[in-house]
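Per my numbering, residue 1 is the first one in the sequence shown, and the count goes up by one each step. Don't be surprised by glycine CBs; every beta carbon is placed ideally from N, CA and C. For reference, the structure is listed below as structure tokens.
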Amino acid sequence: MNKTLIGKNNTLFLGNDSSSELNIHCNNLNLVKDENLLKYSFDNCFIFVYPDKSFIYKHLLPSNYESKFRPSLEIYKKKFGDKLFDLYELLKNEEDVYYKTDSHINLKGNYIVYKFFIDVINSRLNLNIPHKNLILDVKNCELNSLLCGIGDLTWPTNLGDQKLEDANDNFYFNDEITWFYCFYLIKNDSEIRFLDYNLSDKTENLIGQTVFWSIVSEHILYKKNTDKIPLKIIFFYDSFLLASLPLYFDLFNECYFIKNIYSNDIINLIKPDFVFEFRIERFLH
């Protein structure tokens, strides 16, 4: 069955995904498990939730879909209180912040999120980290042609035999942000180190390889910045943050980036000062 749902103005959505995105927002499906909430025991933990594309772009869904419920988010809000930040409120009045032909947020949207994140941690942690001030360029093209791992809703495995009137999309970029995913070549002297889940450095085993999905999924990315604020930070993230990771690499003295959900085991091993989790709303289970 096709996973891509064709909406208005050539906007594509996840229509039949394992996380039941449309069912959550249209039918009020609650998939949150108590045991997942109870594991959050680290006090200095903040969670930033990206809205699902089918909610922030609900006006572009086919007319027989009404996206209006957010049961998982409401439950997580009760758990986290003012330590949860609903990025829908930040992005809802912005234009063109998610791709039309991909299920993810674009760099324009993620740059807005990045600046908001800096403002939040400066305020909450009494820091004074400056923003990277960037002017984004944009080009209109088929995302698949960029070989960046984006354009997923046009892939034959998702689109099936459906035909698109226009597969072009806006791609935002800035030459100061080196595209990390699908392009970063691992070297022995790489500033970014690739650790296993016991914190052993496995970079040497990966020399000559490019950072693709299996590498970020199976390794912890570690960046040491001797000239930055002396804090040890864990970032739990998923694919929405992946393209903008270079904006976060240099923020603190020690940064651990883990493409996974919150884990007390890894927190107890690293012993961070703070934990920041970035989650897509449909994965709040």
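Asked, Found
"Pairwise C-alpha distance: N64 and F42", "42 Å"
"Complete runs of the beta strand (DSSP E) confined to the region 148 to 230 [at least 3 residues]", "168 to 173, 192 to 195, 220 to 224"
"Spatially closest choice to V138 from K8, F171, L242, by CA coordinates", "F171"
"Buried or exposed (CB count within 10 angstroms, at least 16 for buried), P230", "exposed"
"7 Å Cβ shell around K39 - same chain, five flanking residues per side excluded", "Y262, N264"
"6 Å Cβ shell around F235 - same chain, five flanking residues per side excluded", "F257, F276"
"6 Å Cβ shell around L159 - same chain, five flanking residues per side excluded", "T4"
"Rounded C-alpha distance that separates L31 from H285", "5 Å"
"Status (buried if at least 16 other CB within 10 Å, exposed otherwise) for F117", "buried"
"E89 (DSSP reduced to helix, strand or coil)", "helix"
"Short Cβ contact (8 Å threshold) for I105 with Y98", "yes"
"Counted within 10 angstroms of its Cβ, other Cβ atoms place L247 as buried (16 or more) or exposed", "buried"
"Where the beta strand (DSSP E) containing I258 begins and where it ends", "252 to 258"
"Close Cβ partners of I270 (< 8 Å) along its chain, the five nearest in sequence each way excluded", "L199, K232, I234, Y256"
"Touching by the beta-carbon criterion (3+ pairs, under 8 Å), the region 135 to 154 and the region 81 to 89", "no"
"Closest residue to I289 among L12, E142, K187, I220 (Cα-Cα distance)", "As displayed, the chain neither begins before 1 nor continues past 285, which places residue 289 out of reach and without an answer."
"Candidates L245, D96, D166, L251, of which the one nearest T226 by Cα", "L251"
"Per-residue DSSP class, three states only, for R70", "coil"
"Proximity winner among E94, S72, E165, relative to I24 (alpha-carbon distances)", "S72"
"Beta-carbon spacing of Y197, A243 below 8 Å", "no"
"Residues that DSSP places opposite T4 in a beta bridge", "L14"
"Coarse secondary structure for N140, derived from DSSP in three states", "strand"
"Proximal residues to D152 (C-beta, below 7 Å), its chain only, five neighbours per side dropped", "D102, S103, N158"
"Enclosing beta strand (DSSP E) for V113 [first to last residue]", "First-last for V113: 107 to 124, but that is the alpha helix (DSSP H), not the beta strand (DSSP E)."
"Inter-residue Cα distance where the pair is H59 and I220", "38 Å"
"Sheet register partners of V32 (DSSP bridge)", "Bridge partners of V32: none, in fact."
"CA nearest to the CA of K100, picked from S67, Y222, D169, K33", "D169"
"Proximal residues to D52 (C-beta, below 6 Å), its chain only, five neighbours per side dropped", "E21, E281, R282"
"Distance, D238 Cα to I215 Cα", "13 Å"
"DSSP bridge partner residues for Y98 (one or two, in chain order)", "I105"
"CB contact flag (I47, F80, <8 Å)", "yes"
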